[in-house]
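Chains as they are written, first to last, in this note's numbering: chain R, 120 to 348; chain E, 120 to 348; chain G, 28 to 255; chain C, 28 to 255. Think of the CB as a built atom: it goes at the ideal place given N, C-alpha and C, for glycine as much as any other residue. Only one structure is covered here, and it is reproduced in the block below.
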Amino acid sequence: MAKKVIKPVLSAAEAVKCIKPGMSVIIGGFNYGGIPYTLVDALVESGVGELTLIANDTAYEDVGHGKLVANGQVKKVVASHVGLNKKTGQFYMEGKLELELCPQGTFVERIRAGGFGLGGILTPTGVGTVVEEGKQVLEIDGKKYLLELPLRANVALIRAYQADRMGNLTYFGTNRNFNPIMATAADYVVAEVDSVLEVGELDPNEIVTPGILIDALVVKGDNYYANRT
Amino acid sequence: MAKKVIKPVLSAAEAVKCIKPGMSVIIGGFNYGGIPYTLVDALVESGVGELTLIANDTAYEDVGHGKLVANGQVKKVVASHVGLNKKTGQFYMEGKLELELCPQGTFVERIRAGGFGLGGILTPTGVGTVVEEGKQVLEIDGKKYLLELPLRANVALIRAYQADRMGNLTYFGTNRNFNPIMATAADYVVAEVDSVLEVGELDPNEIVTPGILIDALVVKGDNYYANRT
Amino acid sequence: MPIELNEEMVRQRIARRIAREFHDGDVVNLGIGIPTLVSDYIPEDVRVIFQTENGAVGAGPAPDKSDLRFIGAGGRPLTILPGGCFVASDLSFGLIRGGHVDATVLGALQVSQEGDLANWMVPGKIVPGMGGAMDLVVGARRVIIATTHTTKKGEAKILRKCTLPLTAKGVVKLIATEYAVFSIEKGQLKLLEIAPETTLDEIRAITEADFTVADPLITMQGTEEEKA
Amino acid sequence: MPIELNEEMVRQRIARRIAREFHDGDVVNLGIGIPTLVSDYIPEDVRVIFQTENGAVGAGPAPDKSDLRFIGAGGRPLTILPGGCFVASDLSFGLIRGGHVDATVLGALQVSQEGDLANWMVPGKIVPGMGGAMDLVVGARRVIIATTHTTKKGEAKILRKCTLPLTAKGVVKLIATEYAVFSIEKGQLKLLEIAPETTLDEIRAITEADFTVADPLITMQGTEEEKA
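Right, here's the structure in full:
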């Protein structure tokens, strides 16, 4: 199904209705930066559970998607770092949460492979460490590489700066991080933005994410972190 | 060796002196668009030969790097399409030129792998065709992929739009094409640009290629195509 | 054999027929040759976003004044429509390979009844290179072939098996020629429509491939329509 | 055992010593902890470009007024210097993995005499995750370790073999502690410098690894310098 040319501008509560129990959700952000706070809060509010969360980190237990973990809505986390959210480690140790850790450069390449139609990538990162366990090791020109496989999700929640009504996106500061890559790797993609402009108001040379990847737009809300990022 | 913080702004003739006989050179562009015409003309003028040319196509025999082929300076071409330059096909048929053809999406991923430190990528493109010959085929979740290996070069000649003195680059229109990726995949990278601005004049959110990848800048010259692209 | 048609009419007819295949919002990549003409016939109520391999998303018609900083994959000048953008080649092919392009329309040298496509080289002749074709046919959600029904010498192009080097295996979903429209589903070629000036027997005579016939078999759509 | 030093002095000394390692134009990524302090001591005639995994190239000191749209990998606010830019995570790690970062400075739990590094987990404790560390040590041209010479319990951290899970094998090129500086070349650990308040015998007592001693063995550089 083709996506809509003119994207609906939804409330956060409406937008996250596409996320059903048991789905996988990929969420942008790195530490405090570039998290779609308004969308994540709506997802916390919805109480939808049994989610697989794919995100660089699990933030803090009372911040962003860290709340999804703390709230017991997540059954599995795929991330590169979870140390700042005490609940992630606690639930994992208690056997309540499945945890898949990836080196951060591998994490972003796996998502890109998922969005770009690649079957995997070979990286030298993790060779000779526990990351190697259970993975195919290929030797190219005498150097060892791990075969890392694609990651995709049912839904992506990302954070951008400006959008136009066709869903074209720009990014601001270090909020950019994983968001542009994550926009490629889910069946349904919602972008939270500072503002929505008319079609043609963004310079086509400055657009980072083409609108053809986006399903819906949400304007950032009034919560503490949404206002600061 | 670290690159210079403030990049030298050179004449095209000076800039291409880094290219010695037998070297590999990666050159930006797609058909007429985004070729560093001034740099390429200087390389033609220099007469340096035995080059391996890595470029999407070989342009036309009297246009851009197509002239390098026509002029007999190239011993091997790695490209996705060479049909518009009669000399490429002719020299190949006569045994004077080695030719390695890649599907275009594979071509850009191989260069990116070379620039991004990946050992290779798995692509479904080319499975069941002659492109598969001599390559490792891996099956992931029941689907076949070809393992495609990285491409790098000694020198990259790329075309951008604006630069600042630290080598940060923006791109314009369809001139962008392979240029940003090629900037990552050579030991020495020269960018031909419309203009060179002072440090701080480019918006850090709009820079596409970080200056840390660039060695030298050349302002586009006055030839027919350089003026039109 | 069906009556021969004027070459320009053939090209326009095929393009016109294929232009009916799209849905509002479809992202479409057009190859060179007949496929390029498809954009002239998109119905007014259908908004199609044209993507080009070299990095335009939202490409529009050729400008009044050519500017080589805005070209298509074939080198022809284009405009970028409001809401369009430019992407680098890695993202362009990420869009293509990643299933973000709804359809691609390409020419063919040969198509097999199982959807194999040969459209990039003829051994013994100069090798042009596959360009982006192999990625497009593997990645686009729907591969539509725009081709004359036979070669200029009258040889069949829709075959049991391709004899030329393949672009990809089992990828073609729809074939439109000047005389007929075929679908390929689950490795099975089916004749859906035939042109008004031909018959089923004539189609069989110029089609080497085995195919089933849709019931009802209808007249080719849009053959005599005005340019949109 | 060498005399114990004030903890803050230890941190500043290690940072000050490592800050002398860079060349004009070097692109450097600093880990959290002691490595973060290195940026305070870069000599005035050396321009270092600081890169952060989360996408800042050309990061500067913390701003007067914090804005979470400009943060470092540890979450701390930063400024972007003139000529800096922001990149997405795939390019950020392309820069790191692709050899475009001249050096990374990281902390360590353990380092082996062959350059193996363990700095991301302790089995049985909460697992924080490796973040970008595994990519940094594999990709940066030079891996510099900033660490106290021993654990708080006095256990050696510079070992024959690491006992903790590795971050990578054979990657460390330089180790700076409060008491000593070691290089690792071709799998061989060498003591280059020792701090003024210690002796070679004392260094041997707190270093489990085998090492050779540079001739001449010099006094640790920059230990008592003023903050640049």
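May I have a chain-ordered list of the beta strand (DSSP E) segments no shorter than 3 residues that lie completely inside the segment 235–284 of chain R? 239–242, 256–259, 262–267, 272–278 and 281–283
Under 8 Å Cβ-Cβ, which residues of chain C neighbour residue 331 of chain E? On the second sequence, position 212 is the one that residue 331 of chain E refers to. Residues of chain C passing the Cβ test: 54, 76, 78, 84, 122 and 127.
Please name the residue or residues paired with residue 56 of chain G in a DSSP beta bridge. What you label residue 56 of chain G is simply residue 29 of the third sequence in a count that begins at 1. Bridge partners of residue 56 of chain G: G:131.
In chain order, what are the residue ranges of uninterrupted alpha helix (DSSP H) at least 4 long that sit wholly in the segment 144–221 of chain R? 156–165, 185–189 and 205–212
Hey, quick one: how far does the alpha helix (DSSP H) through residue 344 of chain E stretch, first residue to last? Counting from one through the second sequence, the residue named residue 344 of chain E turns up at place 225. From DSSP, the alpha helix (DSSP H) with residue 344 of chain E extends over 343–347.
Flag this pair as touching only if the segment 234–242 of chain R and the segment 169–177 of chain C have three or more C-beta atom pairs under 8 Å; answer yes or no. no
Check the Cβ of residue 285 of chain R against every Cβ in chain G and list those closer than 7 Å, keeping chain order. Your numbering for residue 285 of chain R matches position 166 in the first sequence. Here the neighbours are 110.
Quick check on DSSP: helix, strand or coil for residue 131 of chain R? Reading the first sequence from its first residue, position 12 is the one you call residue 131 of chain R. If DSSP states are grouped into helix, strand and coil, residue 131 of chain R belongs with the helices.
Neighbour flag for residue 156 of chain E against chain G, beta carbons, 7 Å: Against the second sequence, residue 156 of chain E aligns to sequence position 37. False, the Cβ-Cβ gap to chain G never drops below 7 Å.
Taking 7 Å as the CB-CB limit, is residue 121 of chain E close to chain C? One-based indexing of the second sequence puts residue 121 of chain E at position 2. For residue 121 of chain E, the answer is yes, since a Cβ of chain C falls inside 7 Å of its Cβ.
If I follow the unbroken beta strand (DSSP E) through residue 321 of chain R, where does it start and stop? The count along the first sequence starts at 1 and reaches residue 321 of chain R at position 202. No beta strand (DSSP E) holds residue 321 of chain R; DSSP gives it neither H nor E.
Strictly under 7 Å for the Cβ-Cβ distance: is residue 97 of chain G near chain R by that measure? As a working mapping, residue 97 of chain G is identified with position 70 in the third sequence. So no, residue 97 of chain G is outside the interface.
In angstroms with no decimal places, state the Cα-to-Cα distance between residue 160 of chain R and residue 200 of chain R. Stepping through the first sequence from its first residue, residue 160 of chain R is reached at position 41. Stepping through the first sequence from its first residue, residue 200 of chain R is reached at position 81. C-alpha separation (whole angstroms): 21 Å.
Identify each residue in the segment 194–221 of chain E for which the Cβ-Cβ distance to at least one residue of chain G is less than 9 Å, and report them in chain order. 198, 199, 200, 201, 202, 203, 205, 207, 208, 209, 211, 212, 218, 220 and 221
With DSSP as the reference, please indicate the residues paired to residue 202 of chain C in a beta bridge. Translated into the one-based positions of the fourth sequence, residue 202 of chain C becomes position 175. Answer by DSSP bridge pairing, in chain order: C:172 and C:209.
How would you label residue 343 of chain E, buried or exposed, when you count the other beta carbons within 10 angstroms and need 16 or more for buried? Counting from 1 along the second sequence, the entry for residue 343 of chain E is found at position 224. Answer is exposed; the Cβ neighbour count stays below 16.
Mark residue 347 of chain E as exposed unless 16 or more other C-beta atoms lie within 10 angstroms of its C-beta, in which case mark it buried. The residue labelled residue 347 of chain E in the question sits at position 228 within the second sequence. When all chains shown are included, residue 347 of chain E counts as exposed.
Taking Cβ-Cβ distances shorter than 9 Å, what residues in chain R pair up with residue 170 of chain C? Looking up residue 170 of chain C in the fourth sequence gives position 143. Those do not exist, as residue 170 of chain C stays about 13 Å from chain R at its closest Cβ, beyond 9 Å.
When you compare only the Cα positions, how much space is there between residue 43 of chain C and residue 133 of chain C? On the fourth sequence, position 16 is the one that residue 43 of chain C refers to. On the fourth sequence, position 106 is the one that residue 133 of chain C refers to. About 14 Å.
Could you check whether the segment 90–109 of chain G touches the segment 136–151 of chain G, counting it as contact only if at least three pairs of C-beta atoms, one from each stretch, sit closer than 8 Å? no
For residue 310 of chain E, which beta-bridge partners are listed by DSSP? Residue mapping note: residue 310 of chain E aligns to position 191 of the second sequence, counting from 1. In the DSSP output, where bridge partners are listed per residue, residue 310 of chain E has E:277 and E:336.
Helix, strand or coil for residue 215 of chain C, going by three-state DSSP, please let me know. Position 188 of the fourth sequence holds residue 215 of chain C. Three-state result, residue 215 of chain C: strand.
Contacting positions in the segment 238–257 of chain E - beta carbon closer than 9 Å to chain B: Looking at the structure shown, chain B is missing, and the protein chains on hand are R, E, G and C.
Considering residue 260 of chain G, what are the terminal residues of the beta strand (DSSP E) in which it resides? Coverage of chain G is limited to positions 28 through 255, which leaves residue 260 of chain G absent and any answer about it impossible.
Residues bridged to residue 221 of chain C [DSSP beta-bridge criterion]: As a position in the fourth sequence, residue 221 of chain C is number 194, starting the count at 1. DSSP, once it has assigned bridges, lists C:207 and C:246 as partnering residue 221 of chain C.
Between which residues of its own chain and residue 154 of chain G is the CB-CB distance below 8 Å, once the five residues before and five after are set aside? As a first step, residue 154 of chain G must be located in the third sequence, where it is residue number 127. Excluding residues within five positions, the ones whose Cβ falls inside 8 Å are 148.
Check whether the Cβ of residue 107 of chain C lies closer than 7 Å to any Cβ atom in chain E. Here the question's residue 107 of chain C lines up with position 80 in the fourth sequence. Yes, because at least one Cβ of chain E sits closer than 7 Å to the Cβ of residue 107 of chain C.
Residue 272 of chain R and residue 144 of chain R: beta carbons closer than 7 Å? Within the first sequence, numbered from 1, the residue matching residue 272 of chain R stands at position 153. Within the first sequence, numbered from 1, the residue matching residue 144 of chain R stands at position 25. Yes.
Quick one: give me the first and last residue of the beta strand (DSSP E) that residue 84 of chain G is part of. Position 57 of the third sequence, counted from the start, is the residue given in the question as residue 84 of chain G. Where residue 84 of chain G is concerned, the enclosing beta strand (DSSP E) stretches over 83–87.
Closer than 8 Å by beta-carbon distance: list the chain E residues that pair up with residue 297 of chain R, in chain order. For this step, residue 297 of chain R is matched to residue 178 along the first sequence. Near residue 297 of chain R there are no residues of chain E at all, since even the closest Cβ is about 16 Å away, more than 8 Å.
Give me the Cα-Cα distance between residue 216 of chain C and residue 191 of chain C, rounded to the nearest whole angstrom. Counting from one through the fourth sequence, the residue named residue 216 of chain C turns up at place 189. Counting from one through the fourth sequence, the residue named residue 191 of chain C turns up at place 164. If I take the Cα positions, the gap works out to 19 Å.
Would you mind giving the Cβ-Cβ distance between residue 55 of chain C and residue 75 of chain C, rounded to the nearest angstrom? I have them listed as a contact below 8 Å. Position 28 of the fourth sequence, counted from the first residue, corresponds to residue 55 of chain C. Position 48 of the fourth sequence, counted from the first residue, corresponds to residue 75 of chain C. Correct: roughly 5 Å between the Cβ atoms.
Does the distance from the C-beta atom of residue 267 of chain R to that of residue 225 of chain R stay below 7 Å? Counted from its first residue, the first sequence places residue 267 of chain R at position 148. Counted from its first residue, the first sequence places residue 225 of chain R at position 106. For residue 267 of chain R and residue 225 of chain R, yes; Cβs fall inside 7 Å.
When you compare each of R:214, R:147, R:264 and R:218 to residue 183 of chain R by their alpha carbons, which one comes out closest? Position 64 of the first sequence, counted from the start, is the residue given in the question as residue 183 of chain R. With distances taken between Cα atoms, residue 183 of chain R lies closest to R:147.
Bridge partners - residue 78 of chain G, DSSP secondary structure assignment: Taking the first residue of the third sequence as 1, we reach residue 78 of chain G at position 51. BP columns for residue 78 of chain G point to G:84.
Locate the alpha helix (DSSP H) running through residue 116 of chain C, then write down its first and last residues. Locating residue 116 of chain C in the fourth sequence gives position 89, where the first residue counts as 1. Taken as a continuous stretch (DSSP letters only), the alpha helix (DSSP H) holding residue 116 of chain C covers 116–124.
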